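What follows is a single structure, written as structure tokens, with notes after it.
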Amino acid sequence: MSPVLSGVLQLLALVAALALAHIPLGTYMAGVYSSPRHLRVEKWIYKGIGADPDTQMRWPAYLRGVLAFSLAGVLFLYLLQRLQGVLPGSLGFASIDPDQAFNTAASFVSNTNWQSYYGEQAMGHVVQTAGLAVQNFVSAAVGIAVAVALVRGFARSRTGELGNFWADLVRGVVRVLVPVAVVGAVILVACGVVQNFSGIHEVGQFLGGPQQWNGGAVASQEVIKELGTNGGGYFNANSAHPFENPTPFTNLFEIFLILLIPVSLTRTFGVMTGSPRQGYAILGAMAAIWVSFVALMMWTEFAHHGPALQAAGGATEGKELRFGIGGSSLFAVSTTLTSTGAVDSFHSSYTGLGGGITLLGMMLGEIAPGGVGSGLYGMLVMAVVAVFIAGLMVGRTPEYLGRKIGTREIKYAACYILITPALVLVLTAAAMALPTPGDSMTNTGAHGFSEILYAYTSAANNNGSAFAGLNADTQWFNTTLGLAMLLGRFLPMVFVLALAGSLAGQQPVPATAGTLRTEKPLFSGLLVGAVLIITGLTYFPALALGPLAEGLA
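The numbering used here applies: residue 110 is where the sequence shown begins, and numbers increase by one.
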């Protein structure tokens with residue numbers, strides 16, 4: 110079988126699996142977040158944290174819950190790392206330095222999972238399981254909760270109430286993430302992924318020195334790493350490591366896990382708003398971008414430019430041969446379009462244009478289909494902008510799902526869109542202008558610039574992947590990337606929840622003959638255009654200095 114055909118067949122199998130799963134899971138999640146009942150274990154959790162799950166919150170109260178919980182998570186994970194040296198199960202590893210502990214705490218709480226350390230050489234079992242793995246669950250649940258709050262903003266009328274954050278958080282973990290993660294972990298263990306609490310073992314002599322490996326609860330962390338679009342690997346090589354991702358099947362299954370919840374949430378949106386076709390319109394826009402990016406990536410990586418690539422059958426540098434170019438390209442596009450950040454190949458080794466595709470995927474806001482929760486609310490914000498543009502074109506007051514999009518709503522949407530590019534471009538410019546940060550680059554010219562641009566794009570968009578040529582374990586990068594992760598995660602949530610509260614307080618307006626039909630393919634096309642033009646072109650000058658210059662050289 111040719112490598113190209115293999116890549117196409119993997120793509121078709123993945124699409125078929127998602128098509129089968131997204132309706133039942135999406136409908137189930139709509140029921141989870143709409144049910145008035147509380148499970149017994151949920152009641153115990155509410156009692157333990159002192160929360161009343163039946164109290165309805167307006168958007169400021171909902172936001173305070175998000176920020177308070179996340180702040181507690183940052184402090185707990187920071188202290189856990191700083192105390193690692195005296196904790197049991199640390200495998201003899203020392204406590205983490207303050208700047209790296211801050212960076213890692215900000216990273217995992219913000220659902221970014223950027224790692225400036227070697228996982229198997231820095232983090233013991235306690236930090237990995239009680240710290241990092243726990244945040245993989247709860248940070249994903251926070252993202253879903255904010256998305257559900259925005260959906261309620263469209264579904265409710267004449268009230269500013271968006272639900273209860275604590276109930277949404279607990280239900281997301283207990284009823285959605287944990288059950289799917291348990292099933293997924295069993296599948297990964299059956300396919301050869303490691304799951305134990307063994308210590309460090311010497312496995313032989315390589316390159317003149319001893320080679321050591323330690324085990325760990327890898328399968329259970331790997332599944333929520335992908336399912337929650339987190340991305341932080343147990344090992345430094347991430348999903349390229351055979352202990353995390355041993356076979357082509359596990360590679361395809363992990364891509365399926367990455368896309369599963371973001372795709373299914375479009376169904377949840379349709380069911381909760383009473384119009385499943387609206388969910389299909391959003392899904393259609395997401396799918397169009399994702400399929401286009403996969404096709405472009407495969408084309409750039411299979412293109413035979415030069416005798417070396419021609420002899421190898423494509424750009425194989427930095428890719429695992431057991432996955433092939435097709436599987437690696439599919440993983441790279443999926444992880445950078447979903448704020449996951451997991452990698453089964455090294456993006457710095459992709460062709461110039463291929464590396465640019467991974468960058469552009471993050472720069473679009475990672476909304477196709479995006480991270481758990483963040484992808485849906487990001488695309489819905491872009492939908493608000495799209496109907497506003499359509500309203501200007503035809504001279505009508507823009508409406509979406511019966512809500513008027515006025516001055517207040519469009520200001521919230523505009524602020525949401527501008528935050529991330531501002532963080533990325535300002536911090537990249539500062540790193541390039543100052544003398545010290547440039548010392549971390551292992552390449553010069555366009556590729557070196559792409560390394561730094563990629564790092565801040567990944568951090569501010571809460572992705573977590575890297576070009577792998579940048580030494581980010583410095584005080585400058587640990588601090589600035591940590592700040593970019595926190596601001597890039599929580600500042601947009603402020604405007605999402607404010608938008609949700611504004612929409613929920615409106616009286617729905619009836620549809621007329623002049624109302625834009627937002628469930629039609631025409632609107633999906635308009636939405637794709639708005640995403641590419643408004644968000645993508647914001648970064649065009651920066652892309653021209655990096656991957657475009659390298660790819661056209």
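No residue lacks a Cβ here, since even glycine has one placed at the ideal position from N, Cα and C.
For clarity, every value in this text was computed on a predicted model and none was experimentally measured.
Buried versus exposed, by CB contacts within 10 Å (16 or more), residue i
i: Lys152; result: exposed
i: Ile642; result: exposed
i: Ala581; result: buried
i: Phe334; result: Note on residue identity: the sequence assigns Lys, not Phe, to residue 334. Buried, by the Cβ-count rule.
i: Gln584; result: exposed
i: His234; result: buried
i: Gly201; result: exposed
i: Met166; result: buried
i: Phe358; result: exposed
i: Asn611; result: For clarity, residue 611 is Ser in the given sequence; the question names Asn instead. Buried is the call here.
i: Pro507; result: buried
i: Arg146; result: exposed
i: Asn572; result: buried
i: His310; result: exposed
i: Arg376; result: buried
i: Met491; result: buried
i: Asn305; result: exposed
As assigned by DSSP and simplified to three states, the class of residue i
i: Ile663; result: It is not possible to answer for residue 663, since the shown part of the chain is limited to 110 through 662.
i: Glu475; result: coil
i: Tyr227; result: coil
i: Pro319; result: strand
i: Glu353; result: coil
i: Glu508; result: strand
i: Leu661; result: helix
i: Glu518; result: helix
i: Glu270; result: strand
i: Leu579; result: strand
i: Met407; result: helix
i: Met232; result: coil
i: Lys513; result: strand
i: Lys629; result: coil
i: Ser199; result: coil
i: Ser454; result: strand
Rounded separation between residue i and residue j - CA only
i: Thr164; j: Pro544; result: 53 Å
i: Arg626; j: Gly482; result: 24 Å
i: His131; j: Ala607; result: 29 Å
i: Met138; j: Leu600; result: 26 Å
i: Val218; j: Ser248; result: 6 Å
i: Gly504; j: Lys513; result: 14 Å
i: Ser115; j: Glu518; result: 46 Å
i: Leu510; j: Ser458; result: 44 Å
i: Asn222; j: Met471; result: 15 Å
i: Asn245; j: Leu184; result: 16 Å
i: Ser199; j: Val279; result: 29 Å
i: Leu652; j: Thr621; result: 43 Å
i: Val637; j: Gly474; result: 13 Å
i: Tyr389; j: Leu241; result: 34 Å
i: Tyr142; j: Ile466; result: 35 Å
i: Leu148; j: Gln320; result: 48 Å
i: Val295; j: Ala451; result: 20 Å
i: Asp208; j: Ala540; result: 17 Å
i: Gly634; j: Gln193; result: 51 Å
i: Leu286; j: Ala125; result: 22 Å
For residue i, the first and last residue of its enclosing alpha helix (DSSP H)
i: Asp277; result: 274-280
i: Pro650; result: 649-654
i: Ala210; result: 207-218
i: Leu148; result: Here Leu148 belongs to no alpha helix (DSSP H), and DSSP marks it neither H nor E.
i: Tyr142; result: 112-143
i: Ala256; result: 243-264
i: Gly487; result: 483-503
i: Ala622; result: No alpha helix (DSSP H) holds Ala622; DSSP gives it neither H nor E.
i: Gln190; result: 168-191
i: Ser329; result: 327-336
i: Phe586; result: 584-613
i: Glu560; result: 554-569
Integer Cβ distance of residue i from residue j, believed to fall under 8 Å
i: Gly262; j: Asn220; result: Their Cβ separation, rounded to whole angstroms, is 21 Å, which puts Gly262 and Asn220 out of contact at 8 Å.
i: Ala214; j: Tyr187; result: 4 Å
i: Phe274; j: Gly337; result: 18 Å between Cβ atoms; not a contact.
i: Ile391; j: Phe402; result: That belief does not hold up - the Cβ atoms of Ile391 and Phe402 are roughly 17 Å apart, past 8 Å.
i: Leu134; j: Ser373; result: 4 Å
i: Ala568; j: Gly597; result: 7 Å
i: Gly324; j: Val303; result: 5 Å
i: Asn360; j: Phe440; result: 7 Å
i: Thr447; j: Leu368; result: 7 Å
Any chain D beta carbon closer than 8 Å to residue i
i: Phe178; result: The displayed structure is made up of one protein chain only, and chain D is not part of it.
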